[in-house]
Amino acid sequence: MSKQYETVFILTPILSEAQAKDAVEKFTTIITANGASIVHEENWGLRKLAYPIQKKNSGFYHVVEYAATEGNVVDVLETEFRRDERILRFMTIALDKHSIAYNEKKRKGLVGRKREESTESKTENA
């Protein structure tokens with residue numbers, strides 16, 4: 001039975017765009033090499049952190065949603081996160097059916113910021 005996961009990780013801000021892209025590629029390769037398939041991938045870019053981590057105030061955020069049939073994908077991925085000095089923080093969550101449905105709606109633009117922005121522009125035009 002396939003289980004779906006979502007992993008958010010923060011890369012150190014001292015990386016160039018190319019280095020950050022290489023790091024993301026490394027982790028997505030680990031996911032696919034361990035039998036999982038990537039459902040959705042999103043780069044949030046450089047953002048300010050809520051509190052300093054390793055004396056850094058910002059980081060490159062990246063989100064990967066993937067489906068795995070075996071449970072060891074998460075263990076392998078998190079071990080690699082711990083070993084890589086470019087990673088400031090990471091978090092993996094197992095998605096239930098409601099989270100999966102919400103993420104699908106969000107990708108279609110039915111919920112989230114995109115919808116709020118469109119309703120704000122309609123009220124400004126009125």
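UniProt numbering numbers the first residue of the sequence shown as 1 and each following residue consecutively.
Quick reminder that beta carbons are idealized off the backbone N, C-alpha and C, glycines included.
Alpha-carbon spacing of residue i relative to residue j, whole angstroms
i, j, result
"G112", "K106", "6 Å"
"I10", "F90", "6 Å"
"A18", "E104", "29 Å"
"E41", "A20", "14 Å"
"S2", "Y102", "18 Å"
"T92", "H98", "17 Å"
"A67", "A50", "29 Å"
"R82", "I53", "15 Å"
For residue i: DSSP bridge partner residues
i, result
"K3", "A68"
"S58", "K48"
"T92", "T7"
"I53", "K56"
"V63", "V8, E42"
"I87", "L11"
Same chain only: Cβ atoms within 7 Å of residue i, ignoring 5 sequence neighbours per side
i, result
"V73", "I31, N34, G35, A36"
"residue 146", "Residue 146 is absent from the structure shown; the chain starts at 1 and stops at 126."
Nearest candidate by alpha-carbon position, reference residue i, set the options
i, options, result
"V48", "L88, A18, E6, K26", "Checking the sequence shown, residue 48 turns out to be Lys, not Val. The residue with the shortest Cα to Cα distance from K48 is L88."
"F27", "V8, P13, W44, G45", "V8"
"S29", "I53, P52, E80", "A small fix is needed here, since residue 29 is Thr in this sequence, not Ser. When only C-alpha atoms are compared, the closest one is E80."
"I38", "D84, T69, D96", "T69"
Own chain residues within Cβ distance below 8 Å of residue i, not counting five before or after
i, result
"L15", "A23, F60, R86"
"G45", "F60, Y61"
"I100", "Q4"
Cβ shell of residue i (< 6 Å), same chain only, five flanking positions each side left out
i, result
"V76", "N34"
Complete runs of the alpha helix (DSSP H) confined to the stretch 4–50 [at least 4 residues]: The stretch 4–50 contains these whole alpha helix (DSSP H) runs: 17–33.
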